[in-house]
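Quick note: the sequence shown uses the numbering used here, first residue 1004, plus one each step.
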Amino acid sequence: MNKTFITILILVIVILGGYFLLKRTEVQAPTQETSQTPVITEESPSVDQNVATNIITFTSSGYSPNPLNIRSGDIVTFKNESSVNMWTASGMHPTHIVYSGTSLSEHCPDKTNVTFDACQGIPPGASWSFKFEKIGSWGYHDHLHPTFFGKIIVE
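The following block contains the structure:
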């Protein structure tokens, strides 16, 4: 009787665990399917005189300059000079949780541009800009080619 009870208990736990796992996946799926066009600019956005705009280029060799030191409030424009799409995002791959505290599935599409995540590939010749408000050392990577990464130090 003891073995039967334990077997039934384990079976119920496994079934409930599977149910909640599937239920959780179903709730998150629509968030990942939604797409939003990122802020893609050909020229730097208009800024006040106290805000600096810095450019980081993405090529087949990765990001440059790396690292980049900036002030809080400065804008960094990531310019794609490679032959493939780039998707610049906060560390850690694949969740992008470090800068904003939210995961990729929670903050994409980023309609307010506050999560340091382009949320989709930026085509060759285009660029994406982000204004850094938080002081700290912020690692980033190319979500499409995660071997390319860099660091922005905001003072």
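Note that CB positions come from ideal geometry on N, CA and C, so glycine has one too. These numbers were taken from a predicted model, which means no experiment stands behind them.
In this structure, T1091 and A1055 do not form a Cβ contact; the two beta carbons are roughly 18 angstroms apart against a cut-off of 8 angstroms. Pairing G1142 with V1101 gives a Cβ-Cβ distance under 8 angstroms. Taking every protein chain shown into account, the CB of N1072 has fewer than 16 other CB atoms within 10 angstroms, so this residue is exposed. Nearest to E1084 by C-alpha distance, out of W1131, N1005 and S1140, is W1131.
With respect to the 8 angstroms criterion, I1155 and P1097 are not classified as neighbours on the basis of their beta carbons.
One Cα belongs to F1081, the other to E1109, and the distance between them is close to 23 angstroms. Counting along the chain, no beta strand (DSSP E) covers L1147, and no H or E run does either. For K1154, the enclosing beta strand (DSSP E) covers residues F1152 to V1157. The alpha carbon of P1068 has as its nearest neighbour, out of I1059, R1074, G1076 and S1075, the alpha carbon of I1059. Within the DSSP secondary-structure output, M1089 pairs in a beta bridge with I1125.
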